[in-house]
Structure formats: C-alpha cells, structure tokens
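Taken in order, these protein sequences are the chains called A and B. The first sequence begins at 172 in my numbering and counts up one residue at a time. The second sequence begins at 350 in my numbering and counts up one residue at a time. Every residue, glycine too, gets a C-beta built ideally from N, C-alpha and C. Everything numeric in this text was worked out from a predicted model, so none of it was measured.
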Amino acid sequence: MNLSEYSVADWAFVAVALFTVLTAAYAVFAQNIVRAVFSLLGTFLGVALIYGFLSADFLAAIQLLVYVGGILVLILFAVMLTSNISEPSASNRSGGLVTSLLFSAALLFILVTIALGVPWQNNGPTEFVSSTERIGEFLLREGLLAFEVLSVVLVGIVIGAVVIARWQDPAGKETGS
Amino acid sequence: MTQVTLPHFLVLSAVLFALGLLCVLSRRQAVAILIGIELMLNAAGINFVAFSRYGTARVDGVVFVLFMIALAAAEAVVALALIFALQRRWKTVDVTRVNSLKG
C-alpha cells in the first residue's frame with residue numbers, strides 16, 4: 172500500500188476517526204464521570220464529521236443539534252443532579268473487567284474480520300450529493316407512517332418519563348401515581 | 350481518487366461499538382452505562398449511513414439513522430428519569446446495589 176496514493180481527504184478522515192476513537196476511549200476508561208461526559212462531546216462531534224464524509228450533510232446537522240445540544244446536556248444533568256457521582260471512587264470498575272474486555276475484543280475481532288474480508292461493492296456516487304431534499308420526500312411518502320408513529324412514541328415517552336421521575340417515597344406526601 | 354471506502358467506516362464503527370460494549374459491561378454507574386449505550390448507537394448509525402452511501406446510493410439509511418437519533422433522545426430522557434428515581438429510592442446510582450428484585 173503506497174502512502175502517496177492517499178489524498179488530503181483521506182488523511183482528514185484518518186485524523187477525524189482517530190479523534191473519535193480516542194475521545195470515546197477516554198469516555199469509557201475515565202474514572203471521573205464528568206470528564207467522561209465532556210470527552211463524549213468530542214466523540215459526538217467526530218461522528219458528525221464522519222457523517223459529513225459520508226455526504227450525509229443533513230444528518231451531520233441533526234447529530235450536532237440532538238446529540239451535542241440535547242442528549243449530552245441531559246447526561247450532564249443526570250451527572251450533576253445525582254449526589255457524589257463525580258468522585259473517582261464512585262465510578263470504579265466492577266470485578267468483571269477481564270470478562271468484559273474478552274467479550275469486547277472478541278466482538279471487535281469478528282466485526283473487523285467481516286469488514287475487511289467481504290468484497291463489498293462500491294457503486295456510490297463519487298462526488299458530494301446533498302441529501303436533504305430526498306430525505307424530505309422520503310419522509311412524506313414511503314416513511315410517512317413511521318414518521319407519525321414516531322411522534323406518538325415521543326408523546327408516550329414524555330408522559331412515561333414524567334411519571335417515573337415524579338416517584339417519591341411512599342412515606343412522603345406524594346406517591347407520584 | 351480517494352482511497353477511503355466502505356471498510357474504513359466499518360472498522361471505525363466496529364471499534365466504537367466494542368468500546369461502548371466494554372463500557373456497558375464493565376461500569377457500575379447508571380450514567381456511565383448510558384454513555385456506553387450512546388456510543389453503540391452512534392456506531393450503528395455510522396454503519397447505516399456508510400452502507401447507504403456505498404451500497405444503494407439511496408437515502409434509506411440516512412432516514413433510518415434520523416429515526417434512531419430521535420429514539421436515542423427519547424431513550425436518554427427515560428434513562429434520566431430512571432436515574433432520578435434510583436437516586437431518590439436507593440440514594441445511589443450504582444446498578445449493582447439496586448437488587449431488590451433478586452430472590
């Protein structure tokens with residue numbers, strides 16, 4: 172494999188991929204949970220850039236809005252509203268680290284073997300094609316039912332989350348039911 | 350001509366997925382487990398978009414990931430509510446100590 176065959180875009184991909192993996196690894200291995208969450212910010216940004224490399228521009232924007240702007244803030248809330256979670260001792264590993272590593276490494280080996288072993292076809296467009304217009308058409312034609320069902324699911328989730336989060340000790344003044 | 354093709358994206362998402370699985374299996378904090386789940390969801394999303402880009406060249410995969418992101422947000426909300434409930438009921442978010450269903 173000749174290194175000079177690689178273009179600037181390839182090196183940019185390698186840099187973004189390395190950034191994504193390294194921040195994800197820090198999020199997994201960090202003892203301090205607040206640092207792990209902020210490292211996850213880098214992972215989400217990296218994944219948004221990867222979507223950009225795959226010419227999914229709309230998805231990259233949505234990834235930024237929902238993951239970085241929404242889910243990450245939610246997780247930060249969860250971290251900061253629960254007591255003594257940010258102490259390193261509170262997020263120690265359980266005893267099963269060796270087993271977990273074994274399972275993860277086995278899965279990684281299988282997935283990489285498949286990814287590199289199968290002769291994938293490559294008939295995508297070579298240039299950038301904006302996908303936003305086609306996504307809109309798809310959502311309002313073939314995907315209309317799923318789109319509407321998703322909104323019902325979201326309503327159910329919101330009600331369920333409120334019911335669960337309002338739980339209080341039965342000895343207290345309110346049962347939350 | 351760019352040399353980065355489908356296998357590169359598949360390997361990247363495999364690494365992310367393995368990291369997420371490791372996080373879910375080895376952590377005891379409920380929030381840390383949520384982080385692992387988000388990592389695995391992102392890895393699956395990369396796979397969907399990569400196959401859609403290099404395979405059929407249609408938008409099916411992108412729309413699938415859109416739905417996935419919406420459901421991931423919903424899942425994060427429910428997880429947050431559960432974590433609050435755990436914190437109130439057991440005064441801890443260590444999932445190994447929440448075992449009152451254990452016989």
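DSSP has residue i in a bridge; who is on the other side?
i	result
D443 (chain B)	B:Q378
Compare the C-beta of residue i against all C-beta atoms of chain B and say whether one is closer than 8 Å.
i	result
S262 (chain A)	Low confidence applies to S262 (chain A): its pLDDT is 48, below 50, so where it sits in the model is not reliable enough to give any reading.
R206 (chain A)	no
Q202 (chain A)	no
E319 (chain A)	no
L325 (chain A)	yes
V239 (chain A)	no
G223 (chain A)	no
G186 (chain A)	Rather than Gly, the amino acid found at residue 186 (chain A) in this sequence is Ala. By this cut-off, A186 (chain A) is not an interface position.
A232 (chain A)	no
S226 (chain A)	yes
G314 (chain A)	yes
I330 (chain A)	no
F190 (chain A)	no
F209 (chain A)	no
T194 (chain A)	no
L272 (chain A)	yes
L287 (chain A)	yes
L310 (chain A)	yes
Give the single residue among the options whose Cα lies nearest to the Cα of residue i.
i	options	result
M389 (chain B)	B:A381, B:F400 and B:A367	B:A367
L383 (chain B)	B:V353, B:D443, B:K451 and B:G404	B:D443
F416 (chain B)	B:R402, B:V398 and B:A428	B:V398
D181 (chain A)	B:L450, B:V373, B:Q352 and B:G404	B:Q352
A232 (chain A)	A:L273, A:T303 and A:T284	A:T303
L374 (chain B)	B:S449, B:L450 and B:T445	B:T445
A336 (chain A)	B:V447, B:L371 and B:I432	B:I432
T214 (chain A)	A:F190, A:Q202 and A:A186	A:F190
R402 (chain B)	B:A430, B:L359 and B:A428	B:L359
G331 (chain A)	B:R438, B:V447, B:A434 and B:S449	B:A434
V187 (chain A)	A:L252, A:V289, A:Y197 and A:Y222	A:Y222
F372 (chain B)	A:S178, A:F184, A:G240 and A:L211	Inspection of the sequence shows that residue 372 (chain B) is occupied by Cys rather than by Phe. Of the listed residues, the one whose Cα sits closest to C372 (chain B) is A:L211.
Q234 (chain A)	B:D409, B:L420, B:T405 and B:S449	B:L420
N293 (chain A)	B:F413, B:V411 and B:T405	B:T405
A277 (chain A)	B:A363, B:F400 and B:Q436	B:A363
V300 (chain A)	B:V411, B:A379 and B:L365	B:V411
V333 (chain A)	B:V427, B:V408, B:K440 and B:Q378	B:V427
Listing by chain order, which chain A residues have their CB less than 7 Å from the CB of residue i?
i	result
R446 (chain B)	Those within 7 Å of R446 (chain B) in chain A number zero; the least Cβ separation is about 11 Å.
E355 (chain B)	According to the sequence shown, residue 355 (chain B) is Leu rather than Glu. Chain A residues near L355 (chain B): W291 and N293.
Output yes if chain A places a C-beta closer than 8 Å to the C-beta of residue i; else output no.
i	result
A363 (chain B)	yes
A393 (chain B)	no
L370 (chain B)	yes
I432 (chain B)	yes
I386 (chain B)	no
I418 (chain B)	yes
L450 (chain B)	no
Within the same chain, show all residues whose beta-carbon is closer than 6 Å to that of residue i, passing over the 5 residues directly before and after it, in chain order.
i	result
T346 (chain A)	Low confidence applies here, because T346 (chain A) scores a pLDDT of 44, under 50, leaving its location unreliable and the question unanswered by this model.
R376 (chain B)	I382
Going along chain B, which residues have a C-beta under 8 Å from residue i?
i	result
G267 (chain A)	L374 and S375
L252 (chain A)	F433 and Q436
Within its chain, find whatever has a CB closer than 8 Å to the CB of residue i; leave out the 5 residues flanking it on each side and keep chain order.
i	result
L370 (chain B)	G385 and M389
A354 (chain B)	Note that residue 354 (chain B) is Thr in the sequence shown here, rather than Ala. Once the five neighbours on either side are set aside, the close Cβ partners of T354 (chain B) are Y403.
W291 (chain A)	none
Please list the partners that residue i has in chain B, where partner means a Cβ-to-Cβ separation under 7 Å.
i	result
F299 (chain A)	None at all; the shortest Cβ gap to chain B is about 11 Å.
L245 (chain A)	A425, V426 and L429
Residue i touches chain B at which residues, Cβ-Cβ below 9 Å?
i	result
L278 (chain A)	A363, F366, A367 and L370
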